Structures are given as C-alpha cells and as structure tokens.
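Novice: Going by my numbering, 38 is the number at position 38 of the sequence shown; the sequence numbering is gapless.
Using N, Cα and C, we set each Cβ at its ideal position, and we do this for glycine too.
If you're wondering where the values come from, they're calculated on a predicted model, not measured in any experiment.
One structure follows; several queries about it will come next.
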Amino acid sequence: MLDDQSIEHKLREILSNENILINEPLNNHTYTKLGGKADFFVTPTSYEAVQDVVKLANKEELPFTLLGNGSNLIVKDGGVRGVVLSLKKLDDITVDGYEMIAQSGARIIDASREALAEHLTGLEFACGIPGTVGGALFMNAGAYGGEIKDVLKEAVVVDREGNLLTLPADAFDLQYRHSNIPEKGYIVLEALFELKPGKYDEIKAVMDDLTYKRESKQPLEYPSCGSVFKRPPGYFAGKLIQDSGLQGKGVGGAEVSKKHAGFIINKNNATATEYIQSIEMVQKTVSEKFGVKLEREVRIIGEDLE
Ligand SMILES: Cc1cc2nc3c(=O)[nH]c(=O)nc-3n(C[C@H](O)[C@H](O)[C@H](O)COP(=O)(O)OP(=O)(O)OC[C@H]3O[C@@H](n4cnc5c(N)ncnc54)[C@H](O)[C@@H]3O)c2cc1C
1 MLDDQSIEHK
11 LREILSNENI
21 LINEPLNNHT
31 YTKLGGKADF
41 FVTPTSYEAV
51 QDVVKLANKE
61 ELPFTLLGNG
71 SNLIVKDGGV
81 RGVVLSLKKL
91 DDITVDGYEM
101 IAQSGARIID
111 ASREALAEHL
121 TGLEFACGIP
131 GTVGGALFMN
141 AGAYGGEIKD
151 VLKEAVVVDR
161 EGNLLTLPAD
171 AFDLQYRHSN
181 IPEKGYIVLE
191 ALFELKPGKY
201 DEIKAVMDDL
211 TYKRESKQPL
221 EYPSCGSVFK
231 RPPGYFAGKL
241 IQDSGLQGKG
251 VGGAEVSKKH
261 AGFIINKNNA
271 TATEYIQSIE
281 MVQKTVSEKF
291 GVKLEREVRI
301 IGEDLE
C-alpha cells in the first residue's frame with residue numbers, strides 16, 4: 001500500500017486543496033459528536049471526482065469509507081484509516097414538475113422543505129430526519145408511516161469499479177430500514193423523487209404536526225444517533241428499554257434518554273467506547289428480562305484507540 005505522502009499526492013491530482021483534510025476529527029461530522037480522526041477526509045464537488053477517488057482507492061487498495069451526515073453512525077475513538085469520503089458539497093436540489101432531483105449530500109430535511117415550497121406532497125415524513133439524501137436512501141429512512149421507498153423513482157450511483165449507473169428504485173431492494181446498497185457497494189450520487197401535487201397549507205400542517213411530535217418526544221437537545229435499535233417484530237424497542245428500568249442509566253458520559261428510551265444521548269462528553277458499551281448494556285438487559293434480541297439500527301465504524 002502507498003505511504004501517506006503518496007496517497008496525499010494522488011488525492012491532490014483529483015481534488016483541490018480545500019477538498020482534502022488530513023487527520024480530520026470525525027466528531028465534527030457525526031451527530032453523536034463521537035469519533036477519532038480520519039487519515040484523509042475528502043469532499044468532492046463533482047461526480048467525476050467521486051469516480052476518480054473510487055478508482056484510486058481500488059487501484060491502490062486504500063481503505064475507503066463513506067460518510068453522510070453521520071446521524072446513523074458511531075465512529076470509534078481510534079478514528080478511520082484511509083480515505084473518508086463526504087458528499088456534503090454535492091447538495092443541489094432541483095424540481096421539475098412533480099419530480100425532484102436531490103443530490104446525495106443534500107439534507108433530506110431540505111428536500112422535504114423544497115417539496116413544501118413547490119406545493120408537492122410525499123416527503124413530509126422526512127421533515128425531521130437529520131440525514132443526507134444518500135444516507136436516507138442507504139437506510140430507506142422513514143418516519144410516521146412514510147419512507148424513502150414510497151417516493152424514490154430512480155437514483156444515480158457509482159459502483160465499486162467507479163462506473164456511473166442510473167438505476168430504478170426496485171434495484172435497491174428497499175425494505176424496513178434496509179437497502180442492498182451496503183452489499184452492492186454503491187455510492188449514491190443523486191435521487192429522483194416522484195412527488196404529487198398538494199396544497200401548501202395541508203403539507204405544512206402535516207410537517208408542523210410531525211415536528212411537534214418529534215420535539216416533544218425526542219431528546220433533540222443532546223447529541224445522539226436517533227433510535228439506536230430497529231423495531232423488533234411484535235414489540236417497540238423504546239418500551240422494552242423503558243420497562244427494563246434503563247432510562248437515565250449508561251456508561252460514562254452516555255445515557256439512555258429519560259425523554260425517549262430508544263435514544264442514547266451523549267450527555268457529558270462520552271467517548272465512543274462508553275456509547276457502544278451503553279448500547280451493549282441495553283441489549284444484554286433487554287435480552288435477559290424479555291428474551292428479545294435488540295438489533296442495532298445504527299452502524300459502528302472505525303477502530304478502537306490503541
Ligand atoms: C435525532 C435523530 C432522529 C432521527 N430520526 C430518524 C427517523 O425518524 N427515521 C429514520 O429512518 N432515521 C432517523 N434517524 C437516523 C438517521 O438520520 C437516518 O438513518 C439517516 O438516513 C442517516 O443519514 P446520514 O446521511 O446521516 O448517514 P450516515 O449516518 O452518515 O451514514 C449511514 C450509512 O449510510 C451510508 N451512506 C451515507 N451516504 C451515502 C451515500 N451517498 N451513498 C451510499 N451510502 C451512503 C454510510 O456509508 C453509512 O454506512 C435519526 C437520527 C437522529 C440523530
């Protein structure tokens with residue numbers, strides 16, 4: 001594998017200086033405010049640059065990690081080796097008739113607001129989901145009865161070889177908080193959402209109601225990764241955790257939220273290790289008390305501190 005200087009040199013052939021950060025602390029880029037440093041943190045501003053970074057990573061066997069808004073990720077304290085790719089600078093949203101093209105680095109909240117501005121209905125459910133469009137497609141994000149699957153018509157992706165492909169929605173096998181994007185290794189560059197004409201006041205009323213529900217029930221005043229666990233069949237994760245008496249408990253600076261038991265908050269400068277130990281503590285307790293295995297919705301990446 002190339003040494004760090006050679007990697008930096010090759011990245012500078014693809015990206016301008018302001019789009020390459022070295023030893024970038026990833027707690028600046030995650031909702032939990034957790035995570036060590038990325039060796040190289042790159043922010044391409046064109047699809048071609050994304051393709052070139054993928055091809056470089058393949059050719060030189062560089063470890064390569066994709067980050068959205070970091071709202072469904074825990075980065076470990078030792079950080080991430082190799083190249084971390086962020087698409088935050090590819091964030092255009094355009095509307096043509098009832099169709100919206102949103103680049104993957106755009107926030108899905110902004111896509112939802114743009115739909116409202118254009119009097120289009122279909123993305124109201126996403127008005128409080130703090131991820132990017134790419135991250136939302138990866139997770140088939142959803143809330144309050146809606147999900148990405150309902151509105152996605154097609155998406156432009158880069159495959160593992162660096163090819164640009166336009167694929168129909170059904171190519172992503174979208175299910176509850178699941179897509180086949182991890183196994184296919186696609187990088188989503190843009191999504192085409194098919195929306196329907198609606199009335200501004202009605203769309204806004206739905207969004208206001210969902211925002212009220214979120215703000216009154218979720219501990220949005222603290223860093224977190226949202227609901228830590230998937231809904232186990234036949235149960236609600238939050239209720240099981242609440243009934244296990246775990247609210248207010250945790251390891252170090254991490255704590256099971258007293259406001260919403262499905263959330264673990266970074267209450268007091270937690271480390272990623274403490275946060276992960278808190279997750280494991282919840283899984284163990286719920287399994288012992290109720291015999292239910294809580295599966296993580298949130299992904300964990302990176303390395304432990306040595
Ligand atoms: C307060 C709070 C509330 C939340 N509420 C909800 C909710 O109601 N519903 C819900 O579904 N989720 C919710 N979440 C979780 C999270 O916001 C969503 O899962 C979101 O879709 C993650 O997007 P992201 O950009 O932050 O992805 P990240 O967390 O950065 O990444 C998640 C995964 O997606 C991959 N990824 C990111 N971008 C791309 C891309 N362009 N192409 C391919 N893969 C990509 C990453 O590699 C990673 O594996 C909430 C989180 C928080 C903190």
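Give me the Cα-Cα distance between Pro63 and Ile203, rounded to the nearest whole angstrom.
Specialist: By 1-based counting over the sequence shown, the position of residue 63 is 63. By 1-based counting over the sequence shown, the position of residue 203 is 203. Each residue's Cα considered, the two are about 43 Å apart.
Novice: Quick check on Gln103: does DSSP put it in helix, strand or coil?
Specialist: Counted from its first residue, the sequence shown places residue 103 at position 103. Here Gln103 sits in strand by DSSP.
Novice: Please report the straight-line C-alpha distance between Lys184 and Leu174, rounded to a whole angstrom.
Specialist: Your numbering for residue 184 matches position 184 in the sequence shown. Your numbering for residue 174 matches position 174 in the sequence shown. Going by the C-alpha atoms only, they are around 13 Å apart.
Novice: Given a cut-off of 9 Å, decide if Thr65 and Val309 are closer than it, judged by their beta-carbon atoms.
Specialist: Lying before the first or after the last residue shown, residue 309 is absent from the chain, which here runs from 1 to 306.
Novice: What is the DSSP secondary structure of Ser112, counted as helix, strand or coil?
Specialist: Within the sequence shown, the letter at position 112 stands for residue 112. Here Ser112 sits in helix by DSSP.
Novice: By the DSSP assignment, the alpha helix (DSSP H) with Ile181 in it spans what residues?
Specialist: Here residue 181 is taken as the residue at index 181 of the sequence shown, counted from 1. Looking at the DSSP string, the run of the alpha helix (DSSP H) that includes Ile181 is Ile181 to Lys184.
Novice: Can you look up Gly135 in the DSSP assignment and give me helix, strand or coil?
Specialist: As a first step, residue 135 must be located in the sequence shown, where it is residue number 135. Helix, per DSSP.
Novice: Using 8 Å as the cut-off, classify the Cβ of Phe41 as near or not near the heavy atoms of ligand 1, replying yes or no.
Specialist: Looking up residue 41 in the sequence shown gives position 41. No - ligand 1 has no heavy atom lying nearer than 8 Å to the Cβ of Phe41.
Novice: Which ranges would you report for the alpha helix (DSSP H) in the stretch 240-301 if only whole runs of at least 4 residues count?
Specialist: Those alpha helix (DSSP H) runs which fall completely within the stretch 240-301 and span 4+ residues are 272-290.
Novice: Which term fits His9, buried or exposed, when burial requires 16 or more other beta carbons within 10 angstroms of its beta carbon?
Specialist: On the sequence shown, position 9 is the one that residue 9 refers to. Exposed is the call here.
Novice: Cβ of Tyr31 within 8 Å of any heavy atom in ligand 1?
Specialist: Residue 31 sits at position 31 when you count from the first residue of the sequence shown. Yes.
Novice: Measuring only the C-alpha atoms, how far is Glu154 from Ser244?
Specialist: Residue mapping note: residue 154 aligns to position 154 of the sequence shown, counting from 1. Residue mapping note: residue 244 aligns to position 244 of the sequence shown, counting from 1. Going by the C-alpha atoms only, they are around 42 Å apart.
Novice: Spatial neighbours of Arg214 within its chain, please: CB distance less than 6 Å, with the 5 preceding and 5 following residues excluded, ordered by chain position.
Specialist: The residue given as residue 214 occupies position 214 in the sequence shown. For Arg214, where only same-chain residues beyond five positions count, the Cβ hits under 6 Å are Gly128.
Novice: Regarding Ile187 and ligand 1, is the C-beta to nearest heavy atom distance less than 8 Å?
Specialist: Reading the sequence shown from its first residue, position 187 is the one you call residue 187. It does: the Cβ of Ile187 is within 8 Å (strictly closer) of some heavy atom of ligand 1.
Novice: Between Ala115 and Asp92, is the Cβ-Cβ spacing less than 9 Å?
Specialist: Residue mapping note: residue 115 aligns to position 115 of the sequence shown, counting from 1. Residue mapping note: residue 92 aligns to position 92 of the sequence shown, counting from 1. Contact flag unset, no.
Novice: Assign Leu120 to buried or exposed, taking buried as 16 or more other Cβ atoms, counted over all protein chains shown, within 10 Å of its Cβ.
Specialist: Numbered from its first residue, the sequence shown carries residue 120 at position 120. By the neighbour-count rule (16 or more Cβ atoms within 10 Å), Leu120 is buried.
Novice: For Ile74, name the three-state secondary structure that DSSP assigns.
Specialist: Here residue 74 corresponds to residue number 74 of the sequence shown, with the count starting at 1. Of the three classes helix, strand and coil, the one that applies to Ile74 here is strand, per DSSP.
Novice: Thr43: buried (16+ other C-beta within 10 angstroms of its C-beta) or exposed?
Specialist: Position 43 of the sequence shown, counted from the first residue, corresponds to residue 43. Label assigned to Thr43: buried.
Novice: From the DSSP output, which residues share a beta bridge with Thr166?
Specialist: As a first step, residue 166 must be located in the sequence shown, where it is residue number 166. Val156, per the DSSP bridge assignment.
Novice: My understanding is that Ala272 touches Gly253, with C-beta atoms under 8 Å, so please give their C-beta distance in whole angstroms.
Specialist: To locate residue 272, count along the sequence shown from 1; it is residue 272. To locate residue 253, count along the sequence shown from 1; it is residue 253. About 11 Å separates the two Cβ atoms, so there is no contact after all.
Novice: Among the residues of its own chain, which have a CB less than 8 Å from the CB of Leu210, if the five just before and after it don't count?
Specialist: Against the sequence shown, residue 210 aligns to sequence position 210. Here the set comprises Glu124, Phe125, Cys127, Gly128, Ala143 and Tyr144.
Novice: How far does the beta strand (DSSP E) with Ala38 in it extend, from its first residue to its last?
Specialist: If you number the sequence shown from 1, residue 38 lands on position 38. Here the beta strand (DSSP E) through Ala38 covers Lys37 to Val42.
Novice: Figure out for me which residue from Gly82, Val206 and Ile74 has the closest Cα to the Cα of Gly146.
Specialist: Working through the sequence shown from its first residue, we reach residue 146 at position 146. Among Gly82, Val206 and Ile74, the Cα nearest to that of Gly146 is on Val206.
Novice: Can you tell me the Cα-Cα spacing of Glu306 and Met100, whole angstroms?
Specialist: Counted from its first residue, the sequence shown places residue 306 at position 306. Counted from its first residue, the sequence shown places residue 100 at position 100. Computed Cα separation, rounded: 46 Å.
Novice: Measuring only from the beta carbon, is Ala136 closer than 8 Å to any heavy atom that is part of ligand 1?
Specialist: Indexing the sequence shown from 1 puts residue 136 at position 136. Answer for Ala136: yes, Cβ within range of ligand 1.
Novice: Could you please give the first and the last residue of the uninterrupted alpha helix (DSSP H) stretch that includes Glu215?
Specialist: Indexing the sequence shown from 1 puts residue 215 at position 215. Tyr200 to Lys217 is the span of the alpha helix (DSSP H), which, as asked, contains Glu215.
Novice: Could you have a look at Gly128 and say whether DSSP puts it in helix, strand or coil?
Specialist: Walking along the sequence shown from the start, residue 128 turns up at place 128. Helix at Gly128.
Novice: Under 8 Å: does the beta carbon of Pro182 sit that close to some heavy atom of ligand 1?
Specialist: Numbered from 1 along the sequence shown, position 182 holds the residue referred to as residue 182. Yes, ligand 1 has a heavy atom inside 8 Å of this Cβ.
Novice: Which residues bound the beta strand (DSSP E) around Arg81?
Specialist: Counted from its first residue, the sequence shown places residue 81 at position 81. First-last of the beta strand (DSSP E) with Arg81: Val80 to Ser86.
Novice: Just confirm the distance between the C-beta atoms of Lys33 and Asn266, as a whole number of angstroms; I'd bet it's less than 8 Å.
Specialist: Here residue 33 refers to the residue found at position 33 of the sequence shown. Here residue 266 refers to the residue found at position 266 of the sequence shown. Correct: roughly 6 Å between the Cβ atoms.
Novice: Quick check: is any heavy atom of ligand 2 less than 8 Å from the C-beta of Gly70?
Specialist: In terms of ligand content, the structure shown lacks ligand 2 and carries ligand 1 instead.
Novice: Which of helix, strand or coil does DSSP assign to Ser6?
Specialist: Taking the sequence shown and counting its residues from 1, the one referred to as residue 6 is at position 6. Helix, per DSSP.
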